[in-house]
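Worksheet: one structure, shown below.
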Amino acid sequence: MPTLDSLRHQAQLAFIASGQDFELGHPGLCPRNPTQLAALVPGDDGVLATLSSGLTAWVHHLEQGGVGYAIKKARSQCLVQNLDGQTSFLNELQRRRDIAEIQARHGGFAGMVPTLYGSLAHGIIVSPWIEGGTVQQWDERKLLQLFDSGAELVRHGLFEWDYCPGNLLDDGRQLWLFDFGYMYRFDPLRQFNSAGMGNDVPQHHLAERFETRNYFAWLLQLEQAQGQDATLAAFRLEKEIALECYLRLRADLNAAGATLDVRDWLDGIIKHWRQALKGELEALYWQEGWRSHRLDLDDDLRGQTCTPRTLARCDWLLDAVAQHHDTLRACGALADETVSSDRRTLLAHYRQLREQAEGFQVTT
Ligand SMILES: Nc1ncnc2c1ncn2[C@@H]1O[C@H](COP(=O)(O)OP(=O)(O)OP(=O)(O)O)[C@@H](O)[C@H]1O
Ligand SMILES: [Mg+2]
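Residues in the sequence shown are numbered from 124 upward in steps of one, following my numbering.
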């Protein structure tokens, strides 16, 4: 049986090969016509800035008539060297259409950037410009909004894989999602996520994705700046919010007819967090921390998209083995390791992965 990913890749590559356009929104909502927007270059009239750090696209901040627009222009070659990367622009257009349709039917999605116009043939996506910046400091409001948006997506059968810092913007009131290149469809009543066959990779879920791509990298900085107590307090806050979110999600999916498989899976996660929050939270911190840094390192190595942040994660893993090997072992954090979990072997293994990550540093 083919995986959900391979079915999606096949359909998306066939669509791209057919040469058809994929459009959404209305060209009439664009500040200039699509051909002009596709031809924008840095420094053009009205272009206040051009962000070229994205791996899939360039984003121009265009101002016209006192209104700000984000013009996302696909790179001719995506810098992510795999099929997900090669299909990510079409995928983003498709998911933006899904989101617009869900919003038209059910409302909601307060934290989702709307699409004014998008076209595969022009290689552009036009959205309102969000004034604000990346999240420097996670707090209760931002975490609540992150989990609200994430759970809303899950309920509607959309699984977002990449909650990395560069994919979230905060304007001081609302946390925004605006990059949907790695969001895939799945059936939330029967499946856990969009990996494998949908229900054979249970380790990936909303909180895991956020912790792996984002929160543990932030906790790493917090630990360096403010120490272990502040880090554990921030971890506790996030887990309490995640727990509340999962209890609501569990109830909603149950009401919508989720299978026993999905309900049991959520119950297992909820029970595990609840116990940890009542008692010794540190074991859960090492468990989730190890998993987060380990998986994110895997992602970066697989996509050959390593950054200085990847190296910092390697160092966290190496430090954890060097200083907390017994704790890691006792809390089960090392259960999924592919090499022997003794200290010396793990150190050698992660030193080797760090060297690989040094070789895969991307410059955009
Ligand atoms: N609507 C918007 N308002 C303000 N800034 C935006 C908007 N859309 C994108 N940006 C900025 O442009 C950057 C790149 O955008 P985006 O993440 O969509 O591109 P990308 O090429 O898909 O990135 P990657 O593939 O690396 O995730 C963002 O980090 C953000 O700073
Ligand atoms: Mg992005």
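Note that CB positions come from ideal geometry on N, CA and C, so glycine has one too.
Here Arg218 is buried, its C-beta having at least 16 other C-beta atoms within 10 Å. For the set Val277, Gln143 and Glu363, the Cα lying nearest the Cα of Ala379 is the one of Val277.
Note that the C-beta distance between Phe483 and Cys437 is not below 7 Å.
Counting C-beta pairs closer than 8 Å gives three or more between the segment 183-197 and the segment 154-168, which meets the contact rule. A direct Cα-Cα distance of roughly 17 Å separates Gln226 from Glu283. DSSP places His184 in no alpha helix (DSSP H) but in the uninterrupted beta strand (DSSP E) bounded by Ala180 to Gln187. Under the DSSP assignment, Thr486 falls outside any beta strand (DSSP E); it carries neither an H nor an E label. Cβ-Cβ separation between Thr238 and Gly350: approximately 43 Å, too far for a contact (criterion under 8 Å). In the displayed model, Ala193 falls within a strand according to three-state DSSP.
In chain order, Gly280 and Gly321 place their CB closer than 7 Å to the CB of Asp310, counting only its own chain and leaving out the 5 sequence neighbours on each side. When DSSP assignments are scanned along the segment 248-295, the uninterrupted stretches of beta strand (DSSP E) that are 3 or more residues long and fall wholly within it turn out to be 281-283 and 291-293. Looking from the CA of Val385, the closest CA among Tyr369, Leu440 and Leu400 belongs to Tyr369.
Taken through DSSP and simplified to helix, strand or coil, Ser175 comes out as coil. With a cutoff of 6 Å, Leu174 counts as near ligand 1, since its C-beta is closer than that to a heavy atom of the ligand.
Judged by DSSP secondary structure, Ser242 falls within the beta strand (DSSP E) whose first and last residues are Tyr240 to Ser242. In this structure, the C-beta of Gly169 stays at least 6 Å away from each heavy atom of ligand 1. Pairing Ser242 with Asp144 gives a Cβ-Cβ distance under 7 Å.
For Gly273, same chain residues with a beta-carbon under 6 Å away, outside a window of 5 residues either side, are Leu329 in chain order.
Per DSSP, reduced to three states, the secondary structure at Leu434 is helical.
One Cα belongs to Leu300, the other to Glu331, and the distance between them is close to 17 Å.
Taken through DSSP and simplified to helix, strand or coil, Glu478 comes out as helix. Secondary structure of Glu146 (DSSP, three-state): strand. CA-CA distance, Asp285 to Gln398, rounds to 28 Å.
The beta carbons of Gly255 and Asp221 sit no closer together than 7 Å. A residue is listed when its beta-carbon falls short of 6 Å from at least one non-hydrogen atom of ligand 1; in chain order these are Leu174, Gly177, Leu178, Thr179, Ala180, Val182, Ala193, Lys195, Val236, Ser250, Trp252, Ile253, Gly289, Asn290, Leu292, Phe301, Asp302 and Gly304.
A straight-line Cα-Cα distance of about 41 Å links Ala244 and Leu343. Counting the other CB atoms within 10 Å of its CB gives Leu171 a total below 16, which places it among the exposed residues.
Judged by DSSP in its simplified three-state form, Leu202 adopts coil rather than helix or strand. As for any beta strand (DSSP E) of minimum length 3 sitting wholly inside the segment 303-335, the runs are 306-308, ordered along the chain.
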